[in-house]
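What follows is one structure encoded as structure tokens, with my remarks underneath.
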DNA sequence: CGATTAATGCTCAATATGAGTATATGCGGG
DNA sequence: CCCGCATATACTCATATTGAGCATTAATCG
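Chains as they are written, first to last, in our numbering: chain U, 143 to 453; chain G, 143 to 453.
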């Protein structure tokens with residue numbers, strides 16, 4: 143071990159901090175929405191996790207309920223500049239509730255679909271997909287000479303974005319972003335160009351690879367809500383079943399069958415009635431529920447299995 | 143960012159390299175089975191992944207088919223000594239075939255159940271579980287005064303190890319190891335004591351937290367084979383369905399229903415016949431199959447869903 | 001030849017899942 | 001006070017998935 147080399151390394155913690163408010167999935171950003179909050183890992187921190195927890199709680203004044211490691215990156219050219227300094231970035235997914243939290247400094251919550259407009263299928267397939275994104279990906283595929291290569295490109299795109307009769311798979315967030323990056327449609331693919339805030343059909347850009355990290359976080363979360371009761375970290379203490387459903391739908395970017403959703407949640411005993419009712423949303427008053435924390439103890443592998451099928 | 147502090151960090155890559163040979167799951171070790179192979183991450187490496195790939199291939203003379211990041215650790219007391227040097231360890235799961243691979247130096251493959259004897263349920267529940275481990279965990283739970291605490295302890299143990307009518311869940315490898323660690327039954331929990339190689343009922347110990355990392359790798363792999371066709375990375379180019387089944391069983395530590403296993407594998411079109419037959423194992427000759435690589439392209443989320451139920 | 005070991009083909013019951021119908025209960029406006 | 005409107009909540013039903021057996025076929029071994 144060449145100590146001299148090993149020392150030229152720095153570690154950075156990056157958080158994908160998620161909340162769901164007003165039916166929209168939000169992510170905490172800094173720098174006018176261009177970056178995810180991140181801070182250095184220092185010797186004073188007990189562990190990576192606690193290092194992250196420390197400064198995120200300091201920023202949001204909110205205890206983090208749930209933290210999960212996402213991925214560790216250390217690509218040579220991450221920094222962008224020619225510094226010989228090597229940076230290892232350790233990213234985390236954290237869930238919280240927006241509520242109080244007078245966010246310090248210029249930190250701000252953003253709708254995550256600002257960054258990935260093609261990911262929200264709650265109101266049906268976004269028209270930009272078949273109308274604009276599809277054709278461009280097709281052109282990108284056709285742009286190579288090699289027929290086989292061309293076919294492969296289009297097939298990858300079709301599977302990822304659900305063209306050609308392929309079913310939409312909401313968990314392929316990262317795959318889709320990487321495809322758009324490879325095709326150079328997202329701004330990050332050509333560094334140093336258009337610096338405007340424009341929210342194009344390919345979404346708002348972010349600094350360095352932060353948008354990729356966000357995509358990783360969304361991917362993980364969309365997968366996780368199907369087999370772990372993590373949604374509740376995003377819910378207020380009591381809620382109606384429809385509110386819970388809307389939260390899941392916001393994250394998954396698709397609607398679910400209401401009756402089946404209730405059946406599932408109830409038969410799995412994930413929640414219990416509080417006795418109270420609410421008549422806020424207009425229709426017949428709904429029972430208020432709370433998460434039954436018992437499930438965490440009872441079922442180690444506490445399955446949720448939200449089917450999240452098409453609606 | 144206090145540069146002075148950030149520089150005092152080193153990064154290390156650790157591999158859980160797995161193969162399945164002769165019906166047993168093996169893991170590559172060094173230091174007489176006491177450690178997982180690991181090496182420093184250096185400035186010369188293009189990325190973390192390629193750094194790992196570089197030296198693992200150098201050690202095993204075998205191209206790695208599959209690499210997946212496991213987890214990144216940086217706990218203060220990891221080093222054990224009082225050095226102020228902070229080490230970040232990035233662990234990976236890698237799959238390969240044992241075959242050729244004249245393993246360099248003192249590297250050696252070990253049956254992973256040497257480290258976790260209680261994890262192999264292929265021949266039924268290991269007698270040590272109800273006979274010895276259970277009672278000791280019960281005693282550990284009873285050792286606290288607080289009744290509620292005591293109850294919680296036992297309940298955690300019962301769920302993790304399948305006592306009190308709880309079903310055995312093969313994916314709780316890490317949870318079980320951590321419980322045994324907490325109860326101080328595994329050697330690593332009391333550093334600096336018995337240094338012998340003895341394979342006690344609590345398994346062979348490893349250096350530092352390598353056994354925990356191995357547990358993390360097994361956990362991940364046991365989960366993954368259920369929804370991704372990764373088993374094939376461990377199989378020879380052609381194989382019979384029973385061989386495939388035995389491989390899955392070795393990893394999962396439990397047997398599966400033969401007919402249902404075949405039904406699943408075939409209806410998902412994960413394999414295709416080669417035309418050849420083999421009459422090696424005794425009974426009626428079996429068809430030889432090969433993995434149908436097409437599935438990787440066709441299904442992005444190439445589901446495997448090996449049920450892995452009780453048999 | 002008969003026992004042994006697998007391979008392979010089929011059946012069946014119990015759930016899980018996707019989708020739809022019907023009824024209940026609040027509110028606001030006319 | 002009655003009429004929609006919007007949502008809550010209760011059931012029903014067809015189909016797919018799963019877990020478990022039973023039966024038959026085809027080689028090898030002694």
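Positions of the beta carbon are idealized from the N, C-alpha and C atoms, including for glycine.
Helix, strand or coil, according to DSSP, for residue i in the structure here?
i: residue 170/U; result: strand
i: residue 367/U; result: coil
i: residue 432/G; result: strand
i: residue 319/U; result: helix
i: residue 375/G; result: helix
i: residue 160/G; result: strand
i: residue 260/G; result: helix
i: residue 309/G; result: coil
i: residue 272/U; result: helix
i: residue 155/U; result: strand
i: residue 446/G; result: Confidence at residue 446/G is low in this model, with a pLDDT of 49, below 50, so its placement is unreliable and no value can be given for it.
i: residue 326/G; result: coil
i: residue 424/G; result: coil
i: residue 266/G; result: strand
i: residue 221/G; result: The predicted position of residue 221/G is uncertain, since its pLDDT is 48 and thus under 50; a value taken from the coordinates is nonetheless stated next. Looking at residue 221/G - three-state DSSP - the assignment turns out to be coil, as it is neither helix nor strand.
Taking the alpha carbon of residue i as the point to measure from, which residue in the options has its own alpha carbon closest?
i: residue 162/U; options: 261/U, 323/U, 353/U and 377/U; result: 377/U
i: residue 280/G; options: 298/G, 263/G and 328/G; result: 298/G
i: residue 285/U; options: 326/U, 270/U and 237/U; result: 326/U
i: residue 180/G; options: 370/G, 388/G and 355/G; result: 355/G
i: residue 268/G; options: 438/G, 305/G, 191/G and 152/G; result: 305/G
i: residue 420/U; options: 414/U, 430/U, 411/U and 413/U; result: 430/U
i: residue 171/G; options: 165/G, 189/G and 201/G; result: 201/G
i: residue 381/U; options: 190/U, 345/U, 416/U and 209/U; result: 416/U
i: residue 418/U; options: 288/U, 428/U and 400/U; result: 428/U
i: residue 260/G; options: 153/G, 439/G, 412/G and 344/G; result: 344/G
i: residue 375/G; options: 319/G, 236/G and 214/G; result: 236/G
i: residue 412/U; options: 402/U, 401/U, 434/U and 403/U; result: 434/U
i: residue 440/G; options: 366/U, 441/U, 436/U and 309/U; result: 309/U
i: residue 206/U; options: 213/U, 196/U, 215/U and 212/U; result: 196/U
i: residue 264/U; options: 250/U, 166/U, 289/U and 229/U; result: 166/U
i: residue 404/G; options: 301/G, 383/G and 436/G; result: 383/G
i: residue 108/G; options: 436/G, 164/G and 333/G; result: As shown, chain G starts at 143 and ends at 453. That puts residue 108/G outside it, with no answer to give.
i: residue 278/U; options: 262/U, 287/U, 296/U and 288/U; result: 296/U
i: residue 164/U; options: 262/U, 385/U and 424/U; result: 385/U
i: residue 208/U; options: 262/U, 391/U, 423/U and 367/U; result: 367/U
State the start and end residues of the unbroken alpha helix (DSSP H) segment that holds residue i.
i: residue 401/G; result: 400–409
i: residue 394/G; result: 383–394
i: residue 296/U; result: 289–303
Beta strand (DSSP E) containing residue i: first to last residue?
i: residue 210/U; result: 208–215
i: residue 182/U; result: 180–182
i: residue 414/G; result: 413–420
i: residue 229/U; result: 228–237
i: residue 177/G; result: Element bounds for residue 177/G: n/a, residue is neither H nor E.
i: residue 251/G; result: 250–253
Can residue i and residue j be called in contact, C-beta distance under 8 Å?
i: residue 168/U; j: residue 253/U; result: yes
i: residue 231/G; j: residue 156/G; result: yes
i: residue 432/G; j: residue 379/G; result: yes
i: residue 407/U; j: residue 389/U; result: no
i: residue 234/U; j: residue 158/U; result: yes
i: residue 331/U; j: residue 319/U; result: no
i: residue 193/G; j: residue 184/G; result: yes
i: residue 216/G; j: residue 438/U; result: no
i: residue 353/G; j: residue 213/G; result: no
i: residue 400/U; j: residue 387/U; result: yes
i: residue 302/U; j: residue 321/U; result: yes
i: residue 204/G; j: residue 238/G; result: yes
i: residue 175/U; j: residue 249/U; result: no
i: residue 329/U; j: residue 229/U; result: no
Would you say the segment 392–411 of chain U touches the segment 348–358 of chain U, given that touching needs at least three Cβ pairs under 8 Å? no
Does the contact criterion of 3 or more C-beta pairs under 8 Å hold for the segment 357–369 of chain U versus the segment 308–319 of chain U? yes
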